[in-house]
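Its first residue numbered 152, the sequence shown is counted upward by one per residue in my numbering. Beta carbons: idealized from backbone N, C-alpha and C, even for Gly. What follows is a set of notes on a single structure, which appears directly below.
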Amino acid sequence: MPTNVIILAAGQGTRMQSDLPKVLHEVAGAPLLAHAMSAAETLSPEACTIVAGHGAEAVEAVARQMDETVRIAIQEERLGTGHAVRQALPESTAMEGDTLVLYGDTPFIRAATLERMLETRRAGAAVVVLGFYAADPGRYGRLVVKDGGLERIVEYKDASEAERAIDFCNSGVICADSALLPGLLAEIGNDNAAGEYYLTDIVAHARARGLDVAAVSCDEAETLGINSRADLARAEAAFQAAARAASLELGVTLQAPETVHFSLDTVIGRDVVIEPNVVFGPGVTVETGARIRAFSHLEGCHVSRGAIVGPYARLRPGAELAEDVRVGNFVEIKNATIDEGAKVNHLSYVGDASIGAGANIGAGTVTCNYDGVMKHRTEIGPGAFIGSSTMLVAPVSVGAEAMTGSGSVITEDVPPGALAIGRARQTNKPNLARRLMARLKAQKAKRTH
Ligand code: UD1
Ligand code: CA
């Protein structure tokens with residue numbers, strides 16, 4: 152049975168106090184929308200439609216980056232969640248299977264929870280609502296359950312005192328029979344306290360037709376929605392706490408777990424040791440047995456088995472470290488492959504480069520990769536030895552087992568096995584320093600008298 156996913160993301164998010172559409176704010180290095188989209192993705196949906204309104208162009212650009220096939224429906228006027236879903240339904244073609252509605256600002260709904268909803272749908276319910284027992288039900292919609300079935304959903308604004316006392320709340324996630332949904336939506340009116348078309352009203356309409364409606368419940372933590380910067384900070388903290396616990400569970404050592412930050416897609420192997428104050432930006436994979444030392448920042452990179460990174464290292468997108476590589480303090484690596492056992496231990500910049508196995512890059516080495524207009528590559532062969540403070544003016548190559556003298560500016564390719572010295576010859580002038588100093592002191596004495 153095909154699953155059709157609709158993600159509501161037209162809201163402005165006024166309380167964010169931001170120029171950025173709410174769903175583009177980030178938790179764990181990924182926009183809120185990406186969290187919702189990846190939860191949906193695990194269901195291998197037939198189609199995924201995002202309902203955008205406020206900042207629709209920016210929302211569309213981010214959504215397409217994640218999934219080129221995503222559909223975008225524009226909701227010009229924000230007339231309620233029911234109206235929003237209607238914008239996402241195809242006009243004429245009848246659909247089969249299930250339609251699942253998610254919110255773009257609710258990042259933590261688990262794939263397993265969505266699976267449970269689909270199973271309940273397949274067991275015969277025309278509509279399935281995801282509810283949760285709220286510690287503080289506040290202004291959530293309330294699920295009115297009677298004889299084990301879901302009767303209707305009443306919004307807080309429209310609820311009686313007795314209904315407001317219910318603590319079983321609507322998360323907003325709803326799954327419905329795709330063939331019935333357009334008809335149910337057509338029956339919704341806006342004669343209510345908010346003057347909006349409530350998606351939640353499809354429950355009562357389905358019941359009126361004698362259809363089965365069920366509620367599935369999940370942990371309240373999954374339903375955390377983002378409406379303010381404080382919510383965003385809370386969501387980040389919740390994500391990090393869960394990610395740290397999951398890493399420990401999988402056999403990763405975190406010396407100070409509360410100081411390590413992960414991204415949504417971080418992958419860390421068993422027996423990796425992570426020292427305090429390490430940040431993993433998006434796109435990092437660290438293999439078994441590697442060690443990430445304190446105060447390192449990694450993004451878009453791959454660290455192989457046995458490699459040691461840091462302390463104070465920065466690995467930027469495209470940094471590919473082979474097994475047993477050493478990257479030490481105050482070293483930045485970008486778009487560069489460092490082959491097995493090579494060492495870049497101190498104060499260096501290696502960008503747009505390849506470094507052969509076992510090569511040793513001396514302190515203060517810089518690949519001068521940018522001429523102000525274009526980026527150029529530096530190739531260093533296996534076993535090469537780059538002397539401290541070598542400037543490698545790209546495009547340039549240093550052959551296998553070649554050496555460069557300390558302080559060299561290398562502008563021409565160095566053949567394999569050669570020693571390149573690219574600096575002015577030193578000359579020593581006997582006694583000149585002393586004579587100069589004496590003359591300067593005499594001049595100063597004359598001026599002050
Ligand atoms: C909604 C539910 C409520 C539930 C709560 C959970 C309805 C009528 N109410 O209330 O039962 O407890 O969520 O958080 O569904 N959106 C659009 N277009 C619209 C309106 C909303 O895209 O015209 C999007 C918003 O951007 C947001 C989501 O739908 O992501 C929910 O809208 P919101 O206005 O926050 O609904 P609530 O009043 O909180
Ligand atoms: Ca809300």
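Using 7 Å as the threshold, is the C-beta distance between V460 and V435 below it?
Sequence index remark: in the sequence shown, residue 460 carries index 309 (1-based). Sequence index remark: in the sequence shown, residue 435 carries index 284 (1-based). Going by C-beta atoms, V460 is not nearer than 7 Å to V435.
For E302, report the span of its beta strand (DSSP E) as first-last.
Counting from 1 along the sequence shown, the entry for residue 302 is found at position 151. For E302, the uninterrupted beta strand (DSSP E) segment begins and ends at 300-305.
What are the boundary residues of the beta strand (DSSP E) that includes A393?
Along the sequence shown, one-based indexing puts residue 393 at 242. No beta strand (DSSP E) holds A393; the alpha helix (DSSP H) holding it covers 380-400.
When you compare the CB positions of V295 and I157, do they come within less than 7 Å of one another, or not?
Locating residue 295 in the sequence shown gives position 144, where the first residue counts as 1. Locating residue 157 in the sequence shown gives position 6, where the first residue counts as 1. No, Cβ-Cβ distance for V295 and I157 is not below 7 Å.
Cβ of N321 within 6 Å of any heavy atom in ligand 1?
For this step, residue 321 is matched to residue 170 along the sequence shown. Yes, the Cβ of N321 comes within 6 Å of a heavy atom of ligand 1.
Got a sec, what are the start and stop residues for the beta strand (DSSP E) T250 sits in?
As a working mapping, residue 250 is identified with position 99 in the sequence shown. Residues 249-254.
Which residues mark the beginning and the end of the alpha helix (DSSP H) in which K592 is found?
Indexing the sequence shown from 1 puts residue 592 at position 441. Where K592 is concerned, the enclosing alpha helix (DSSP H) stretches over 583-599.
Taking DSSP as the reference, what is the three-state secondary structure of H453?
For the purposes of this step, residue 453 is taken as the residue at position 302 of the sequence shown. Reduced to three states, the DSSP call for H453 is strand.
Please say whether L362 and V236 have beta carbons closer to each other than 7 Å?
For the purposes of this step, residue 236 is identified with residue 85 of the sequence shown, where counting begins at 1. For the purposes of this step, residue 362 is identified with residue 211 of the sequence shown, where counting begins at 1. Their beta carbons are not under 7 Å apart, which means V236 does not touch L362 by this criterion.
A313 bridges to which residues according to DSSP?
Locating residue 313 in the sequence shown gives position 162, where the first residue counts as 1. Paired residue(s): none; A313 is not in a bridge.
Label M588 either buried or exposed according to how many other C-beta atoms from any shown protein chain fall within 10 Å of its C-beta, with 16 as the threshold for buried.
Position 437 of the sequence shown, counted from the start, is the residue given in the question as residue 588. Exposed, by the Cβ-count rule.
Can you check which of these residues, D416, R456, N378, A239, is closest to Q424 by C-alpha distance?
Within the sequence shown, residue 424 is the residue found at index 273, counting from 1. The question names Gln, but residue 424 in the sequence shown is Val. The closest CA to that of V424, considering only D416, R456, N378, A239, is found on R456.
For the stretch 327-370, which segments carrying the beta strand (DSSP E) assignment without a break, of at least 3 residues, lie completely within its bounds, in sequence order?
364-368
Looking at C-alpha atoms only, which residue of G515, R590, M525, D328 is the closest neighbour of V560?
Mapped onto the sequence shown, residue 560 falls at position 409. Nearest C-alpha to V560: G515.
Residues bridged to F431 by DSSP?
Working through the sequence shown from its first residue, we reach residue 431 at position 280. In DSSP, F431 forms a bridge with L449.
Would you mind reading off the limits of the alpha helix (DSSP H) that contains E192?
What you label residue 192 is simply residue 41 of the sequence shown in a count that begins at 1. Segment 183-192, the alpha helix (DSSP H) holding E192.
With a threshold of 6 Å, establish whether the CB of Y349 neighbours any heavy atom of ligand 1.
Against the sequence shown, residue 349 aligns to sequence position 198. Result yes, Cβ under 6 Å from ligand 1.
Between which two residues does the alpha helix (DSSP H) harbouring G275 extend?
Here residue 275 corresponds to residue number 124 of the sequence shown, with the count starting at 1. Note, G275: premise wrong, no alpha helix (DSSP H); not H, not E.
From A396, R421, D416, G402, pick the residue whose C-alpha is nearest to that of T410; which is it?
Taking the sequence shown and counting its residues from 1, one reaches residue 410 at position 259. The option with the nearest alpha carbon to T410 is A396.
Could you give the C-beta distance for L301 and V354, rounded to a whole number, given that I count them as a contact under 8 Å?
In the sequence shown, residue 301 corresponds to position 150, counting from 1. In the sequence shown, residue 354 corresponds to position 203, counting from 1. Indeed they touch by this definition, with Cβ atoms about 6 Å apart.
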